[in-house]
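Asker:
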Amino acid sequence: MKKLILTAAALALTAGMGWADTVRMGTEGAYPPYNLIDDKGEVGGFERELGDELCKRAELECTWVTNDWDSIIPNLVSGNYDTILAAMSINDERKKVIAFTDPYLPPAPSSYVALEEGVDLEGGVIAAQTSTVQSSYVAESGATLLEFANIDEVLAAVRNGEADAAFGDHEVVKPYVDEGDDLMFVGEQVELDEGIGIGVRQSDNELREKFNTAIAAVKEDGKLNELIVKWFGEDARTWE
Amino acid sequence: MADMLAQCAEPGSLQGLSWLMCYLTSGKHMLFYGSFLTVLALLAITAPIALLFGFGGAVASRSRIPPLRWFGKIYTSMVRGVPDIIFFLFVPIALDQGLEWLRHQVYCDSDAPVRQGNEFIVCAAAKLPLSSSPGWVHDTYGFILAVVAFAIVFGAFAANVLYGAMQAVPHAQLETAEAYGMNSRQVTRRILIPQMWVYALPGLSNLWMILIKATPLLFLLGVEDIVYWARELGGAKSSAFTYPHSDWRLYYFLVILVFYLLMTWCSEKILARLTWRLSRGQATLGGEAIRKGA
């Protein structure tokens, strides 16, 4: 009887069963130029183009999903999507919870941004995006850390004087410095990570291997470097 | 779509008003306008369901059968005793994982547990919705989970209001009905329920206002509502976007602010009218005032 009820309940929930192994690609969609929501309302950016290329080579069917940065790992492990392509730096802390593919981007520098020269980067108030390698670095640097949910709010905090400076991925903060007339780079760049990879569940070995093969292939034939230059400019670090 | 128009094909060359027209009709803005309908749909669907939950809760709380009465009491006091946000975070996850667990038992061959380390894993066939389902199915599913969470929370408050309203109907009315030979079911249906609304209305209208103002919680549940799009559209846009602009969140939030003010203002008008209608001929202060004024 119990089984009958279970079956009935489950059948009631079913609409059109299909077993295509669609891979749901999770990203933040608020970290240009890595990933963003374009003016059509769709996921765009470097990682969208790279992800689609990798899926094509691995012969996977892929769809894109956005998720807030601060819950992007919990929602991966609970199965809401299957990968994270969100400029996520590979580090030991994250490796305890999820697995990473080989890096698709070499280690990227992080930079300080402020409204004026000479702000106190070691003792002042520094804004960074929450749960990033940059925010852990600031927390350990002795400065007062101010965390925000996305990079846009981080830079807004510098503009309205709430923070003395912002600390973020160089490629992400660069457009704000280049195109605005108020922000500038201050201090030294810092190297923080082991490169950026695709985050997958630790149990998803098969998927990780497929992506590793595809990443090796795009590195091999220069497609990856081509995309890096397209989205990050000529000065960006490419693969040798 | 307007952005398909030839004049919007090259936004870089546009100036002033025509730039703004193309900007405001971009695909992303269409999604923003559409999300107002999401909020209205949430209100339109949640309110009746919550009222139904509330009615059930109130009737259960008054029941002569102990287990039913306990259920009603526990439901109203427990849900009202937990912060809304905790419930909004808990219900959708619990519901989603519960349903996937059920489907896992039915559709998956493996005996592997769904919890492995920190991961929640069900086989592809048990996923809800299926990974291969189109985006709108996932969106609708998320929306339904949100509706359930809202209905459970607001149903508990409504149950309390309706319970109080049922108690407020003058006992003489019910006793008179009994004296006429009606059984308890008839008293409830013919006398109690028609008369309770006027007592319930102040509490229910209050709840409606709170429900309107709680809709931005949709954003917490991952539903792409007006707050999500306002934040997304308002944020500073670099040249990686077709329409670069500085931080415009202030204007977008202002639009939302006006929208909510309009919603609550209209609601107040309608509710005032409804109170007047329901008070007519009632032995309440309001009903008495109408009688004297007429």
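Respectively, the protein sequence lines represent chains Y and S. For any residue, its number in the working numbering is found by taking its place in the first sequence, counting from 1, and adding 46. For any residue, its number in the working numbering is found by taking its place in the second sequence, counting from 1, and adding 869. Even glycine gets a Cβ: it sits at the ideal position worked out from N, Cα and C.
1. When the Cα atoms are used, what is the spatial distance from S:Val1056 to S:Leu920?
2. Any chance you could list the beta strand (DSSP E) runs of at least 3 consecutive residues sitting entirely within the segment 1125 to 1159 of chain S, in chain order?
3. Have a look at S:Gln1151, S:Cys977, S:Phe1110 and flag the residue whose alpha-carbon is nearest the alpha-carbon of Y:Glu225.
4. How far does the beta strand (DSSP E) with S:Ala995 in it extend, from its first residue to its last?
5. Skipping 5 residues on each side, what residues in its chain have a beta carbon closer than 7 Å to that of Y:Trp65?
6. Taking only the alpha-carbon atoms, compute the straight-line gap between Y:Asn196 and Y:Thr73 and give it to the nearest angstrom.
7. By the three-class DSSP mapping on this structure, what secondary structure does S:Met1051 have?
8. Can you list the residues of chain S that Y:Pro78 reaches, using a CB-CB cut of under 9 Å?
9. Under a CB-based cut-off of 9 Å, is S:Asp1116 close to chain Y?
10. How should S:Lys1106 be labelled, buried or exposed, when 16 other C-beta atoms within 10 angstroms of its C-beta is the threshold for buried?
11. In or out: Y:Gly62 buried (at least 16 other Cβ within 10 Å) or exposed?
12. Against chain S, with Cβ distances strictly below 9 Å, would Y:Val123 count as a contact?
13. Below 7 Å on C-beta distance, what does Y:Thr68 contact in chain S?
14. So, is S:Phe959 buried or exposed, given that buried needs 16 or more other C-beta atoms within 10 angstroms?
15. Strictly below 7 Å CB to CB, what residues from chain A border S:Gly941?
16. I'd like to know whether the C-beta of Y:Asp215 is nearer than 9 Å to at least one C-beta of chain S.
17. Here's the rule: buried if 16 or more other CB atoms are within 10 angstroms of the residue's CB, otherwise exposed. What is Y:Ile261?
18. As a quick exercise: from Y:Cys108, Y:Glu168, Y:Phe278, Y:Ala104, pick the residue whose alpha carbon is nearest that of Y:Val89.
19. Can you find a C-beta in chain Y that's less than 9 Å from the C-beta of S:Pro1113?
20. Does the segment 1090 to 1109 of chain S come into contact with the segment 1055 to 1069 of chain S, if we say contact requires no fewer than three beta-carbon pairs (one atom in each stretch) closer than 8 Å?
21. If you follow the beta strand (DSSP E) that Y:Leu201 is in, where does it begin and where does it stop?
22. Rounding to the nearest angstrom, what Cα-Cα distance links Y:Thr129 and Y:Ala76 in this structure?
23. Is the Cβ of S:Glu1101 closer than 9 Å to any Cβ of chain Y?
24. Under 9 Å, do S:Val948 and S:Val1022 count as touching if we go by C-beta distance?
25. Which whole-angstrom value describes the C-beta separation of S:Gly1156 and S:Gly1150, a residue pair presumed to lie in contact below a C-beta threshold of 8 Å?
26. Cβ closer than 7 Å: which chain Y residues qualify as neighbours of S:Val1096?
27. Quick check on Y:Lys265: does DSSP put it in helix, strand or coil?
28. Straight-line CA distance for Y:Thr60 to Y:Ala212?
29. Give me the subset of the segment 243 to 276 of chain Y whose CB atoms are less than 8 Å from a CB atom of chain S, sorted by chain position.
30. List, in chain order, every chain S residue whose beta-carbon is nearer than 7 Å to that of Y:Ala203.
31. Can you check whether the CB of Y:Ser157 is closer than 9 Å to the CB of Y:Val219?
32. Which residues of the segment 884 to 906 of chain S have a Cβ closer than 8 Å to any Cβ of chain Y? Give them in chain order.
33. Hey, does S:Glu879 have any beta-carbon neighbour from chain Y nearer than 9 Å?
34. For S:Leu1154, which residues of its own chain have a beta-carbon under 7 Å away from its beta-carbon, when the five flanking residues on both sides are left out?
35. Can you list, in chain order, the residues of the segment 135 to 151 of chain Y whose Cβ is nearer than 7 Å to any Cβ on chain S?
36. Is the Cβ of Y:Ile83 closer than 9 Å to any Cβ of chain S?
Answerer: Reading off the structure:
1. Along the second sequence, one-based indexing puts residue 1056 of chain S at 187. Along the second sequence, one-based indexing puts residue 920 of chain S at 51. For S:Val1056 and S:Leu920, the distance between alpha carbons rounds to 21 Å.
2. If we require 3 residues or more, the segment 1125 to 1159 of chain S turns out to have no beta strand (DSSP E) run fully inside it.
3. Here residue 225 of chain Y corresponds to residue number 179 of the first sequence, with the count starting at 1. Closest by alpha carbon: S:Phe1110.
4. The residue labelled residue 995 of chain S in the question sits at position 126 within the second sequence. Counting along the chain, S:Ala995 falls outside any beta strand (DSSP E), and DSSP gives it neither H nor E.
5. By one-based count along the first sequence, residue 65 of chain Y stands at place 19. Only weak support exists for where Y:Trp65 lies, its pLDDT of 45 falling under 50; the value from the coordinates is given anyway. Nothing meets the Cβ criterion.
6. If you number the first sequence from 1, residue 196 of chain Y lands on position 150. If you number the first sequence from 1, residue 73 of chain Y lands on position 27. The straight-line gap from Cα to Cα measures roughly 13 Å.
7. For the purposes of this step, residue 1051 of chain S is identified with residue 182 of the second sequence, where counting begins at 1. Three-state result, S:Met1051: coil.
8. Position 32 of the first sequence, counting from 1, holds the residue named residue 78 of chain Y. Those within 9 Å of Y:Pro78 in chain S are Lys1106, Ser1107, Ala1109, Phe1110.
9. Counted from its first residue, the second sequence places residue 1116 of chain S at position 247. Yes, because at least one Cβ of chain Y sits closer than 9 Å to the Cβ of S:Asp1116.
10. Along the second sequence, one-based indexing puts residue 1106 of chain S at 237. S:Lys1106 should be labelled buried.
11. Sequence index remark: in the first sequence, residue 62 of chain Y carries index 16 (1-based). Caution is warranted here: a pLDDT of 39 is assigned to Y:Gly62, below 50, making its placement in the model unreliable, and the coordinate value is therefore given only provisionally. Y:Gly62 should be labelled exposed.
12. Here residue 123 of chain Y refers to the residue found at position 77 of the first sequence. Judged by the 9 Å Cβ criterion, Y:Val123 is in contact with chain S.
13. The residue labelled residue 68 of chain Y in the question sits at position 22 within the first sequence. Neighbours of Y:Thr68 on chain S, chain order: Ser1000, Ser1001.
14. Here residue 959 of chain S refers to the residue found at position 90 when the second sequence is read from its first residue. That one is exposed.
15. Annotation note: the requested chain A is absent from the structure, which comprises protein chains Y and S.
16. Along the first sequence, read from residue 1 onward, the residue named residue 215 of chain Y stands at position 169. By this cut-off, Y:Asp215 is not an interface position.
17. In the first sequence, residue 261 of chain Y corresponds to position 215, counting from 1. Classification for Y:Ile261: buried.
18. For this step, residue 89 of chain Y is matched to residue 43 along the first sequence. Checked all of Y:Cys108, Y:Glu168, Y:Phe278, Y:Ala104; the closest Cα to Y:Val89 is Y:Cys108.
19. If you number the second sequence from 1, residue 1113 of chain S lands on position 244. So, interface residue.
20. no
21. Position 155 of the first sequence, counting from 1, holds the residue named residue 201 of chain Y. Taken as a continuous stretch (DSSP letters only), Y:Leu201 belongs to no beta strand (DSSP E), being part of the alpha helix (DSSP H) at 197 to 205.
22. Counting from 1 along the first sequence, the entry for residue 129 of chain Y is found at position 83. Counting from 1 along the first sequence, the entry for residue 76 of chain Y is found at position 30. So the two alpha carbons sit approximately 17 Å from each other.
23. Mapped onto the second sequence, residue 1101 of chain S falls at position 232. At least one chain Y Cβ lies under 9 Å of S:Glu1101.
24. Counted from its first residue, the second sequence places residue 948 of chain S at position 79. Counted from its first residue, the second sequence places residue 1022 of chain S at position 153. Contact: yes.
25. Along the second sequence, read from residue 1 onward, the residue named residue 1156 of chain S stands at position 287. Along the second sequence, read from residue 1 onward, the residue named residue 1150 of chain S stands at position 281. Between S:Gly1150 and S:Gly1156 the Cβ distance is about 6 Å, and since that is below 8 Å, they are a contact.
26. Locating residue 1096 of chain S in the second sequence gives position 227, where the first residue counts as 1. In chain order: nothing, as chain Y lies at least about 12 Å away.
27. By one-based count along the first sequence, residue 265 of chain Y stands at place 219. DSSP places Y:Lys265 within a helical segment (H, G or I) once states are collapsed to three.
28. Position 14 of the first sequence holds residue 60 of chain Y. Position 166 of the first sequence holds residue 212 of chain Y. Per-residue confidence for Y:Thr60 stands at a pLDDT of 46, beneath the threshold of 50, marking its modelled position as unreliable; the derived number appears in the next sentence. Spanning the two alpha carbons is a distance of roughly 48 Å.
29. Arg247, Gln248, Ser249: these are the residues of the segment 243 to 276 of chain Y whose beta carbon lies less than 8 Å from some beta carbon of chain S, given in chain order.
30. Walking along the first sequence from the start, residue 203 of chain Y turns up at place 157. Within 7 Å Cβ-Cβ: nothing; Y:Ala203 doesn't reach chain S, min ~11 Å.
31. By one-based count along the first sequence, residue 219 of chain Y stands at place 173. By one-based count along the first sequence, residue 157 of chain Y stands at place 111. If you check the CB distance, Y:Val219 and Y:Ser157 come in under 9 Å.
32. Ser895, Gly896, Lys897, Met899, Leu900
33. Locating residue 879 of chain S in the second sequence gives position 10, counting from the first residue. Answer no: the Cβ-Cβ gap between S:Glu879 and chain Y never drops below 9 Å.
34. As a first step, residue 1154 of chain S must be located in the second sequence, where it is residue number 285. Excluding positions up to five away in sequence, the list is empty.
35. Val143
36. Counted from its first residue, the first sequence places residue 83 of chain Y at position 37. It does: the Cβ of Y:Ile83 has a partner Cβ on chain S nearer than 9 Å.
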